[in-house]
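Novice: Numbering (full-length UniProt numbering), first residue to last: 1 to 249. Note that CB positions come from ideal geometry on N, CA and C, so glycine has one too.
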Amino acid sequence: MKVIWSWLRSSLVVALAIAISACGTMRAVKTYDGQTLGDGQVAKVIAPAEIELLEIDGVSQKNFLLENIDLTYDILPGQRTLVYRYTSIWAKPRENDDSDAEHVDKVVSDRFQVTVDMQPGQVYTFGFNKPDSKREAEAFIKAPKITLVDSANRTIAIGGAYQPITVAASQPSATQPSATQPSAISTTATVNPAVAAVPPAQTGQGVAVQNNAPVSPSDAGISRIEALKVLWEKASAEEKKQFLRWAFK
């Protein structure tokens, strides 16, 4: 079992390095249908690694494997409601040699939202005081202050309590952008300190090992690459995140 795990570890680290290298060129996430618009025609929202952008106007956004990287979202101009949450992962000391035991702690906040009039060509960023430890993160999510600032570092919106949209929304189209509405700044709302326990959706690409029985790739009649793909696809989103943190620490 130790031999197989050692082989998997070295092989997956190499595979991850290649995958991350390829992902490094992706600087923006398109959030609308239709043709790709120029930077001057869309608003950009930068989400730091600790901020998960969950919805835009009620439309769920894609969950990315590498959640510990900053992402830039291209959004059509107009009044938009963004739903997000704070998430961070902290390593914890190993108490035994059990390779299946979890070695990270996850701190997740409730969902919050901001509504703001997005201007074409403008860049917005989620701003907050980043916790430096798990204890600080746990204190932070009890009453988080997360703002949306523009390129001039002016506060445009302050996160408020999440209010689910009851009417199903469709992703906006570049051919039929919504009309720009008057600016609106959200105000601070009382936040429920309970930590949301909603796990991110599984992605099609990711890494983690969930091996209930030691099986050699050659015994299974498949190549090492195919074996890696099988393990990759069967891993949960939480396991993928744990492996990423372990592989590159």
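Pull the bridge partners of Glu55 from the DSSP assignment, please.
Specialist: Glu55 pairs with Ser60, Val83.
Novice: Between which two residues does the alpha helix (DSSP H) holding Ala139 run?
Specialist: 134-140 is the extent of the alpha helix (DSSP H) around Ala139.
Novice: Would DSSP call Lys92 helix, strand or coil?
Specialist: It is coil, neither helix nor strand.
Novice: When you compare only the Cα positions, how much space is there between Glu50 and Tyr32?
Specialist: If you take the alpha carbons of Glu50 and Tyr32, they lie about 23 Å apart.
Novice: Applying the 10 Å Cβ sphere with the 16-neighbour rule, what's the burial state of Asp132?
Specialist: With fewer than 16 other Cβ atoms within 10 Å, it is exposed.
Novice: Closest to Thr72 by CA distance: which of Val45, Gln79, Ala91, Leu82 is it?
Specialist: That would be Val45, whose Cα lies nearest to the Cα of Thr72.
Novice: Kindly indicate which residue of Phe112, Ala43, Phe64 has the alpha-carbon position closest to the one of Ile141.
Specialist: Out of Phe112, Ala43, Phe64, Phe112 has the C-alpha closest to the C-alpha of Ile141.
Novice: From Pro164 to Lys106, what distance separates their C-alpha atoms?
Specialist: Looking at the two C-alpha atoms, the distance is approximately 24 Å.
Novice: What residues are listed by DSSP as bridge partners for Gly78?
Specialist: BP columns for Gly78 point to Met118.
Novice: Please state the DSSP three-state secondary structure of Gly40.
Specialist: If DSSP states are grouped into helix, strand and coil, Gly40 belongs with the helices.
Novice: Do you know how far the Cα of Arg85 is from the Cα of Asp110?
Specialist: Distance between the alpha carbons of Asp110 and Arg85: 6 Å.
Novice: Let me check one thing: in DSSP terms, what residues is Tyr124 bridge-paired to?
Specialist: In the DSSP output, where bridge partners are listed per residue, Tyr124 has Val45.
Novice: Can you round the beta-carbon distance between Gly121 and Gly40 to whole angstroms, since I take them to be within the 8 Å contact cut?
Specialist: Sure, about 5 Å apart at Cβ, within 8 Å.
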